[in-house]
Amino acid sequence: MKMVKRALAAGAASMLGATPAMAAWSDLNLRVGVTPLSREIYGLHMLILWICVAIAVAVFGVMIYSIATFRKSKGAVPASFDHSTTAEVLWTLIPVFILVAMAIPAARTLVRIDDSSGSDLTIKVTGYQWMWQYEYVGEDVSFFSKLAQASNEARQLGSGIDPATVPNYLLDVDRPLVVPQGTKVRVLITAADVIHAWWVPDFGMKKDAIPGYINELWFNAEKPGVYRGQCAELCGRDHGFMPIVVEVKVRKEFDAWLAAQKAAMQASNAPATKVAQAPPITDEQTTQRVANAE
Amino acid sequence: MSAMHSHADAGHEQHDDHGPAKGIGRWLFTTNHKDIGTMYLVFSLIMFLVGGSMALVIRAELFIPGMQLVDPGFFNTMTTVHALIMVFGAVMPATVGLANWMIPMQIGAPDMALPRMNNFSFWLLVAAFSLLILSLFMPGGGPAAGWTLYPPLVLQTGDALPLAIFAIHLAGASSIMGSINIIVTIMNLRAPGMTLLKMPLFAWTWLITAYLLILVMPVFAGAVTMLLTDHFFGTTFFSAAGGGDPVLYQHVFWFFGHPEVYIMILPAFGIVSEIIPTFSRKPLFGYDAMVYATASIAFLSFIVWAHHMFTVGMPLAGEMFFMLSTMLIAVPTGVKVFNWTATMWRGSLSFEPPMLFALAFLFLFTIGGFSGLMMAIAPVDFQYHDTYFIVAHFHYVLVPGAVFAIMAGVYYWLPKWTGHMYDMSLAKAHFWLSTIFVNVLFFPQHFLGLAGMPRRIPDYSTQFADWNMVSSIGGFGFGLSQLLFVYLIVKCARGGARATAEVWDGALNHGLEWTVPSPAPYHTFEEAPVVK
Numbered sequence: 000m001k002m003v004k005r006a007l008a009a010g011a012a013s014m015l016g017a018t019p020a021m022a023a024w025s026d027l028n029l030r031v032g033v034t035p036l037s038r039e040i041y042g043l044h045m046l047i048l049w050i051c052v053a054i055a056v057a058v059f060g061v062m063i064y065s066i067a068t069f070r071k072s073k074g075a076v077p078a079s080f081d082h083s084t085t086a087e088v089l090w091t092l093i094p095v096f097i098l099v100a101m102a103i104p105a106a107r108t109l110v111r112i113d114d115s116s117g118s119d120l121t122i123k124v125t126g127y128q129w130m131w132q133y134e135y136v137g138e139d140v141s142f143f144s145k146l147a148q149a150s151n152e153a154r155q156l157g158s159g160i161d162p163a164t165v166p167n168y169l170l171d172v173d174r175p176l177v178v179p180q181g182t183k184v185r186v187l188i189t190a191a192d193v194i195h196a197w198w199v200p201d202f203g204m205k206k207d208a209i210p211g212y213i214n215e216l217w218f219n220a221e222k223p224g225v226y227r228g229q230c231a232e233l234c235g236r237d238h239g240f241m242p243i244v245v246e247v248k249v250r251k252e253f254d255a256w257l258a259a260q261k262a263a264m265q266a267s268n269a270p271a272t273k274v275a276q277a278p279p280i281t282d283e284q285t286t287q288r289v290a291n292a293e
Numbered sequence: 000m001s002a003m004h005s006h007a008d009a010g011h012e013q014h015d016d017h018g019p020a021k022g023i024g025r026w027l028f029t030t031n032h033k034d035i036g037t038m039y040l041v042f043s044l045i046m047f048l049v050g051g052s053m054a055l056v057i058r059a060e061l062f063i064p065g066m067q068l069v070d071p072g073f074f075n076t077m078t079t080v081h082a083l084i085m086v087f088g089a090v091m092p093a094t095v096g097l098a099n100w101m102i103p104m105q106i107g108a109p110d111m112a113l114p115r116m117n118n119f120s121f122w123l124l125v126a127a128f129s130l131l132i133l134s135l136f137m138p139g140g141g142p143a144a145g146w147t148l149y150p151p152l153v154l155q156t157g158d159a160l161p162l163a164i165f166a167i168h169l170a171g172a173s174s175i176m177g178s179i180n181i182i183v184t185i186m187n188l189r190a191p192g193m194t195l196l197k198m199p200l201f202a203w204t205w206l207i208t209a210y211l212l213i214l215v216m217p218v219f220a221g222a223v224t225m226l227l228t229d230h231f232f233g234t235t236f237f238s239a240a241g242g243g244d245p246v247l248y249q250h251v252f253w254f255f256g257h258p259e260v261y262i263m264i265l266p267a268f269g270i271v272s273e274i275i276p277t278f279s280r281k282p283l284f285g286y287d288a289m290v291y292a293t294a295s296i297a298f299l300s301f302i303v304w305a306h307h308m309f310t311v312g313m314p315l316a317g318e319m320f321f322m323l324s325t326m327l328i329a330v331p332t333g334v335k336v337f338n339w340t341a342t343m344w345r346g347s348l349s350f351e352p353p354m355l356f357a358l359a360f361l362f363l364f365t366i367g368g369f370s371g372l373m374m375a376i377a378p379v380d381f382q383y384h385d386t387y388f389i390v391a392h393f394h395y396v397l398v399p400g401a402v403f404a405i406m407a408g409v410y411y412w413l414p415k416w417t418g419h420m421y422d423m424s425l426a427k428a429h430f431w432l433s434t435i436f437v438n439v440l441f442f443p444q445h446f447l448g449l450a451g452m453p454r455r456i457p458d459y460s461t462q463f464a465d466w467n468m469v470s471s472i473g474g475f476g477f478g479l480s481q482l483l484f485v486y487l488i489v490k491c492a493r494g495g496a497r498a499t500a501e502v503w504d505g506a507l508n509h510g511l512e513w514t515v516p517s518p519a520p521y522h523t524f525e526e527a528p529v530v531k
């Protein structure tokens with residue numbers, strides 16, 4: 000009871016503090032996303048949703064009509080029929096046709112999703128408890144990405160920090176993954192400890208990161224911008240706190256960024272050379288890496 | 000079905016000379032199917048409240064963004080143990096309890112075929128859940144890897160792991176014994192004239208469920224035993240570093256896990272198939288088709304398991320197969336929904352509490368069926384997988400699905416068990432509160448999932464705040480409404496208007512259980528009735 004009271008008090012306080020904006024349509028439905036696949040998936044989702052709505056209207060309509068009409072209180076006299084071969088054959092066959100109509104476009108999309116050939120860039124993603132590592136394969140660039148400091152402070156039990164004051168609460172990282180716009184990017188996914196899943200809703204794709212195995216997915220982001228996702232497989236205590244942020248840059252900016260990263264990596268790998276803009280690989284991360292390598 | 004009348008209900012009350020034993024011994028050593036049924040049902044109600052309290056811890060933490068109440072590790076323990084308790088401690092024992100009470104009475108048998116094993120299987124369950132609850136207090140905390148217990152994460156569990164695994168072994172052994180008992184009873188103790196295709200649907204669905212249980216429980220026991228040896232004896236079944244495969248566990252688990260969801264829903268189908276005809280005053284539409292549809296669903300449940308694993312990286316052919324086979328389930332399930340609707344068509348409907356719950360089941364289970372069909376579509380499931388959309392889906396089929404059907408069954412048969420009518424207006428209040436709040440609780444979770452909220456997270460981004468708050472309000476409303484249910488049952492057990500043998504107007508046409516007096520005598524059908 001005490002817990003309930005505290006939760007209610009906290010809820011009331013938050014409602015007084017900031018009235019939550021009314022939910023918009025985009026908060027109710029799947030995102031269209033920014034890749035050809037995510038749009039196709041969205042189309043399939045809507046197709047099946049509307050088929051379900053149509054069936055629901057028909058079936059629920061008959062149920063509601065029966066409930067409203069055939070009432071004992073209205074003096075309805077029960078019929079005694081207990082089967083009808085025609086009706087039963089019909090409502091077995093018609094659903095089969097509807098299912099076939101759904102399966103054909105779904106199978107086509109599945110084939111396209113499976114085809115990761117012809118990619119321009121390969122990135123290896125490794126899930127750790129509880130951060131991600133990104134490696135640009137063949138480019139000698141790699142770094143860790145973990146929950147941004149502001150979110151991390153606010154999410155501690157009883158931190159007293161109002162999540163509404165933290166920008167992109169729980170969906171922000173210290174170093175985002177950067178990819179070029181309009182490029183087929185192949186992502187190789189694995190994990191170092193337990194199973195994680197890499198998911199960016201706007202790319203339409205989610206794949207498990209499994210220790211000892213390498214999975215793959217691909218995307219081709221058409222619009223520059225920042226896209227946010229989360230780990231989607233329970234991976235322990237801080238499963239809710241390992242977001243994914245992908246920054247899509249136009250090709251030229253991406254190339255410049257990659258070149259800068261490469262230079263910085265080389266500089267930080269070369270001993271006795273100090274470069275101011277070196278990527279901040281912290282001691283903690285290095286320790287983590289060593290620990291996991293063991 | 001309507002031709003099912005008993006001739007031999009004359010001499011029931013003379014056989015009360017060896018009635019129940021006195022005191023606690025009655026419950027510890029009983030071999031009576033009615034006593035054991037009651038114990039299963041009471042046990043399941045207690046577990047429902049315990050598992051429900053854990054759900055309220057979850058909903059309280061998710062009420063607003065930020066961490067207010069519990070540690071994230073404890074939150075994971077709550078989601079894990081809530082699920083294990085609700086699946087193995089609440090829903091399954093409730094249907095076993097109903098089977099114990101009703102199957103002998105429905106088929107005209109004097110008791111279950113193996114009464115001592117019946118007692119043993121109940122008390123094993125108590126032992127199993129004592130262990131599971133004890134595991135919460137072990138160093139390192141309770142099990143927190145999700146009810147699916149996926150390795151390698153589950154191998155990070157502390158001392159709770161062996162306790163949880165042993166609890167699963169015991170619960171599994173209990174289920175297998177219960178299933179053997181049901182199969183043997185149905186196969187051997189049917190009254191003369193009660194052919195298989197005259198059996199009430201509840202007995203049929205349980206017969207099929209019992210076979211499913213016997214087939215898959217050992218598979219689950221094997222999977223968790225391999226976890227145990229991986230953890231303590233250096234095997235590497237599920238570790239790639241030692242030549243094993245973490246995904247192997249998922250295949251084995253879901254080969255059990257998918258039939259398991261039908262183990263929970265098929266008896267519910269049976270209950271609803273009893274209630275809708277009674278309160279429509281019409282025979283069940285398409286009885287044979289209902290039996291065949293149940294059998295088809297049971298068969299399909301063995302070839303669809305990997306639709307729980309579309310994101311593990313299966314080959315294209317695998318994803319294609321599991322997508323298509325899963326979509327097929329919609330056909331027999333549709334047949335069932337259409338048959339229930341056709342049963343009401345041109346009937347004479349009345350809306351007592353059992354019928355109200357059965358109708359809510361019909362509508363809300365169908366909604367869960369639709370979201371299930373959506374998730375069968377593999378390419379779209381890449382978006383839905385492991386989000387609140389799946390949480391909404393399985394709660395729709397389990398709460399207003401299986402749980403509402405169980406409650407419908409309790410409201411249907413409670414007067415037969417206690418001999419008293421219960422408080423109808425209280426039951427209707429319980430119905431309306433439950434139905435409204437269950438939708439407030441779970442419907443917004445569809446939105447949360449589609450908007451991108453992963454499941455099993457203790458805290459979330461502020462964009463998900465509104466619907467989480469609505470869902471939590473629904474959760475507390477639903478949870479508190481169940482106290483009415485407990486009060487109503489206790490009140491009905493203690494007294495109330497005398498129930499007639501038939502209880503419900505016209506029920507005599509709908510099963511042998513309505514031919515015996517209310518309350519049902521301690522021993523029924525010592526002389527087999529003859530079924531025409």
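Chains A and B, in that order, give the protein sequences. Residues in the first sequence are numbered from 0 upward in steps of one, following numbering that gives the first Met the number 0. Residues in the second sequence are numbered from 0 upward in steps of one, following numbering that gives the first Met the number 0. In this text, a Cβ means the ideal position worked out from N, Cα and C, and glycines have one as well.
Check, Outcome
"Where does residue 70 of chain A fall in DSSP's three states?", "strand"
"Give the DSSP bridge partners of residue 195 of chain A, in chain order.", "A:208"
"DSSP on residue 528 of chain B, reduced to helix/strand/coil?", "coil"
"Considering just the uninterrupted stretch of the beta strand (DSSP E) at residue 142 of chain A, what are its terminal residues?", "140–144"
"Short of 8 Å in beta carbon distance, which residues of its chain neighbour residue 543 of chain B, apart from the five on each side in sequence? Order them along the chain.", "Residue 543 of chain B lies beyond the residue range present for chain B, which begins at 0 and ends at 531; the question has no answer from this structure."
"When you compare each of B:406, B:483 and B:77 to residue 424 of chain B by their alpha carbons, which one comes out closest?", "B:483"
"Any beta-carbon of chain A closer than 8 Å to the one on residue 493 of chain B?", "no"
"Since I believe residue 117 of chain A is in contact with residue 197 of chain A (beta carbons under 8 Å), could you give me their beta-carbon distance rounded to a whole number of angstroms?", "Contact flag wrong, Cβ pair sits at about 21 Å."
"Looking at chain B, which residues of the stretch 197–221 of chain A have a Cβ within less than 8 Å of any of its Cβ atoms?", "198, 200, 203, 204, 205, 206, 207, 209, 210, 211, 212, 214 and 215"
"Tell me, which residues are paired with residue 58 of chain B by DSSP?", "BP columns for residue 58 of chain B are empty, so no partner."
"Does residue 458 of chain B come within less than 8 Å of chain A when only Cβ atoms are used?", "yes"
"Using three-state DSSP, classify residue 453 of chain B as helix, strand or coil.", "strand"
"Determine whether the Cβ of residue 28 of chain B lies closer than 8 Å to any Cβ atom of chain D.", "Going by chain labels, chain D is absent from the structure shown, which instead holds the protein chains A and B."
"When we look at the beta-carbon of residue 129 of chain B and count the other beta-carbons within 10 Å, is it buried (16 or more) or exposed?", "exposed"
"If you run the structure through DSSP and keep just helix, strand and coil, what is residue 267 of chain B?", "helix"
"Name the chain A residues whose beta carbon is nearer than 9 Å to that of residue 395 of chain B?", "Residues of chain A passing the Cβ test: none, with the nearest at roughly 13 Å."
"Taking just the CA atoms, how far does residue 227 of chain B sit from residue 23 of chain B?", "37 Å"
"How many Å lie between residue 222 of chain B and residue 246 of chain B at the Cα?", "12 Å"
"Just checking, does the stretch 301–316 of chain B make contact with the stretch 205–218 of chain A on the three C-beta pairs under 8 Å criterion?", "yes"
"Within 8 Å (strictly less), CB to CB, does residue 71 of chain A reach chain B?", "yes"
"Across which residues does DSSP place residue 132 of chain A in a beta bridge pair?", "A:125 and A:143"
"Please tell me whether residue 360 of chain B and residue 403 of chain B are closer than 8 Å, where the distance is taken between their beta carbons.", "yes"
"Contact criterion: CB-CB distance below 8 Å. Does residue 48 of chain A meet it with respect to chain B?", "yes"
"Taking residue 343 of chain B as the query, report the chain A residues whose CB atoms sit under 8 Å from its CB, ordered along the chain.", "62, 65, 66 and 69"
"So, using beta-carbon positions, are residue 142 of chain B and residue 79 of chain B closer together than 8 Å?", "yes"
"Can you look up residue 523 of chain B in the DSSP assignment and give me helix, strand or coil?", "coil"
"Among the residues of its own chain, which have a CB less than 6 Å from the CB of residue 500 of chain B, if the five just before and after it don't count?", "516 and 517"
"In chain order, what residues of the same chain lie with their CB nearer than 6 Å to the CB of residue 169 of chain B, ignoring the 5 residues before and after it?", "123, 126 and 127"
"From which residue to which residue does the beta strand (DSSP E) around residue 189 of chain A run?", "184–190"
"Using beta-carbon positions only, say whether residue 346 of chain B and residue 59 of chain A come within less than 8 Å of one another.", "no"
"To be precise: take each residue of the stretch 75–97 of chain A, compare its Cβ to all Cβ atoms of chain B, and keep it if any distance is under 8 Å. Which residues remain?", "75, 76, 77, 78, 79, 80, 81, 82, 83, 86, 87, 90, 91, 94 and 95"
"Exposed or buried, which one is residue 56 of chain B when buried takes at least 16 other CB atoms within 10 Å?", "buried"
"If you draw a straight line from the C-alpha of residue 35 of chain A to the C-alpha of residue 328 of chain B, how long is it?", "30 Å"
"Under the three-state reduction of DSSP, which class applies to residue 340 of chain B: helix, strand or coil?", "helix"
"Starting from the Cα of residue 181 of chain B, find the closest Cα among B:408, B:234, B:116 and B:450 and give me that residue.", "B:116"
"Tell me the rounded alpha-carbon separation between residue 20 of chain A and residue 171 of chain B.", "The predicted model places residue 20 of chain A with a pLDDT of 44, which falls under 50 and marks its position as unreliable; any figure quoted below should be read in that light. Computed Cα separation, rounded: 48 Å."
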